[in-house]
Amino acid sequence: MHILILSDFFPPQVNAGAENIAFELSQGYRNRGHKVSIITINKALKRGEFIVEKDDGYTCYQIGFNYNEKLSAYVGLYNPTVLKIINKIIINNNFDVAHIHNIHAYISYSAIGLLRKYGIPAILTVHD
143 MHILILSDFF PPQVNAGAEN IAFELSQGYR NRGHKVSIIT INKALKRGEF
193 IVEKDDGYTC YQIGFNYNEK LSAYVGLYNP TVLKIINKII INNNFDVAHI
243 HNIHAYISYS AIGLLRKYGI PAILTVHD
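Here the sequence shown is numbered in our numbering, starting from 143 and rising by one per residue.
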């Protein structure tokens, strides 16, 4: 099974509660023989730029995005810059299921609709 994990941040960039849980679960999925891909934000990259890293059995898509946090209520609901890139990633992969963690600050909850558009079942774990 190919499992997609979406999390605004992911270790080693951020080592906090939700990010560590997403990481531990991704290890558990991989240890059970599943293919794991992660989509996360990398604030050090330019807006709209993305890189792909393959490390320790994972594929990690890091999307560049940073913004004025006064806009967080809007960006948390709809982030067209990031969604455009996620759409490309989904088209080029065969994800069986997605496990969504904290996406309310950068990736945006509109990513759930994008997963639905492509028929990818999703689980949302609400951490905060």
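Glycine included, every Cβ here is placed at the ideal spot set by N, Cα and C.
A quick note: this is a predicted structure, and the numbers were derived from the prediction, not measured.
Query                                                                                                                                                      : Result
Just reading off the beta strand (DSSP E) that L146 is part of, what are its end residues?                                                                 : 144-148
Taking just the CA atoms, how far does L148 sit from E191?                                                                                                 : 17 Å
Among the candidates M143, I163, G170, G206, whose CA atom is the shortest distance from the CA of T267?                                                   : I163
Please report the residue range of the alpha helix (DSSP H) in which K196 lies.                                                                            : Premise fails: K196 lies in the beta strand (DSSP E), 192-197, not in any alpha helix (DSSP H).
Nearest to G255 by CA position, among Q155, D197, N236, I232, is which residue?                                                                            : I232
Do H269 and A186 count as a contact pair if the criterion is CB distance below 8 Å?                                                                        : no
According to the Cβ coordinates, are Y248 and N221 closer than 8 Å?                                                                                        : yes
Apart from the five residues just before and just after H243, which ones in its own chain have a Cβ nearer than 6 Å to its Cβ?                             : S149, A160, A164, T267
Suppose you measure from the CA of I193 to the CA of F237; what does that come to, to the nearest Å?                                                       : 19 Å
Using a Cβ-Cβ cutoff of less than 8 Å, which residues in the same chain neighbour S252 once the five nearest sequence positions on both sides are dropped? : L219, Y220, N221, L225
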